Amino acid sequence: MPVNAQQYQSVISELTKHHVTLVAVSKTKSVLDIREMYELGQRDFGENYVQELVEKQALLPNDIRWHFIGHLQSNKVKYIAPFVHLIHGVDSLRLLKEINKQAARHGRVIDCLLQVHVAQEATKFGLDEAELSGVVHTLYASGEIQELKNIHITGLMGMASFSDHQETIRNEFKKLKALFCQNNPSSSSRELWTVLSMGMSSDYKTAIEEGSTMVRIGSLLFGAR
Ligand SMILES: *Cc1c(COP(=O)(O)O)cnc(C)c1O
106 MPVNAQQYQS VISELTKHHV TLVAVSKTKS VLDIREMYEL GQRDFGENYV QELVEKQALL
166 PNDIRWHFIG HLQSNKVKYI APFVHLIHGV DSLRLLKEIN KQAARHGRVI DCLLQVHVAQ
226 EATKFGLDEA ELSGVVHTLY ASGEIQELKN IHITGLMGMA SFSDHQETIR NEFKKLKALF
286 CQNNPSSSSR ELWTVLSMGM SSDYKTAIEE GSTMVRIGSL LFGAR
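Under my numbering, residues 106 to 330 are what the sequence shown spells out, in order.
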């Protein structure tokens, strides 16, 4: 299915007005589709599967910023460490340490977002409120972050429930924003969180109203998967 250029321009102008970054989610879409959107000026693309991302990255321009938005297994970090721009779904210290190790092997600092679980579905990955504050405490209050010189945590990522109930979705985004503010390690400016990744095709407008700085939009731009 060809990329809808008009749809893209209307989404981009709306996001630009609110200073929100668009990650175009290209999972399952072809290299040709991605190149079409690249020609429209898009540079941030999001993928969920390591092998698919590695294959596409090799075939597409080097100035694309690749976002890994899926559930990342520790043993696969090494495949994306050479080039990945931002890893959205970090949900354990163990994974963070592995990203740090692989980033160091390539002489890179990799940006990461901690994933928070606020949705109703039990299947969604992420840290709950208590786990998040535990991880944040270990990293910043106990100084563990000093050992992790090859990662840079820039904020949080979350998903709302798959629901038709707008109030549920809005409340989950409010919750994410509140957790973002409460846990933001403002004591050291290097570690100040600036990115709140929330909002997809069906709910990105609500997410922006509730303080999103980065949205991950797939089907609205590329057509249904
Ligand atoms: C697939 C996916 C998206 C994009 O979903 P759309 O509904 O197609 O916009 C966003 N975030 C994550 C984590 C995804 O897996």
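Glycine residues also receive a C-beta, built at the ideal position from the N, C-alpha and C atoms. Model, not experiment: these values are computed from the prediction.
- Taken through DSSP and simplified to helix, strand or coil, residue 308 comes out as coil.
- The beta carbons of residue 171 and residue 144 sit no closer together than 8 Å.
- For residue 226, the secondary structure class from DSSP, reduced to helix, strand or coil, is coil.
- Straight through space, the alpha carbons of residue 274 and residue 311 are spaced by roughly 8 Å.
- Burial is judged here by how many other beta carbons sit within 10 angstroms of a residue's own beta carbon; residue 222 has at least 16 and is buried.
- Check the Cα spacing between residue 313 and each of 326, 110, 126 and 114: the tightest is with 126.
- Rounded to whole angstroms, the gap between the alpha carbons of residue 245 and residue 196 is 16 Å.
- Under the DSSP assignment, residue 137 falls in the alpha helix (DSSP H) whose first and last residues are 136 to 144.
- Scanning the stretch 264 to 329 from its first residue to its last, the whole alpha helix (DSSP H) runs of 4-plus residues come out as 271 to 288, 309 to 314 and 324 to 327.
- Bounds of any alpha helix (DSSP H) do not take in residue 194; it lies within the beta strand (DSSP E) bounded by 191 to 195.
- With fewer than 16 other Cβ atoms inside 10 Å of its own Cβ, residue 133 counts as exposed.
- Here residue 297 has 289, 290 and 291 as same chain residues with Cβ atoms under 8 Å from its own Cβ, once five neighbours each way along the sequence are excluded.
- Looking at the backbone, the Cα of residue 107 and that of residue 149 are separated by about 18 Å.
- For secondary structure counted as the beta strand (DSSP E) over 3 or more consecutive residues, the stretch 146 to 203 holds these complete runs in sequence order: 149 to 152, 170 to 173 and 191 to 195.
- Taking the Cα of residue 182 as reference, the smallest distance to any Cα among 198, 168, 205 and 167 is reached at 205.
- Contact annotation: the stretch 115 to 125 touches the stretch 312 to 327, with at least three C-beta pairs closer than 8 Å.
- Distances taken from the Cβ of residue 301 to the heavy atoms of ligand 1 include none shorter than 7 Å.
- In this structure, ligand 1 has no non-hydrogen atom nearer than 7 Å to the beta-carbon of residue 232.
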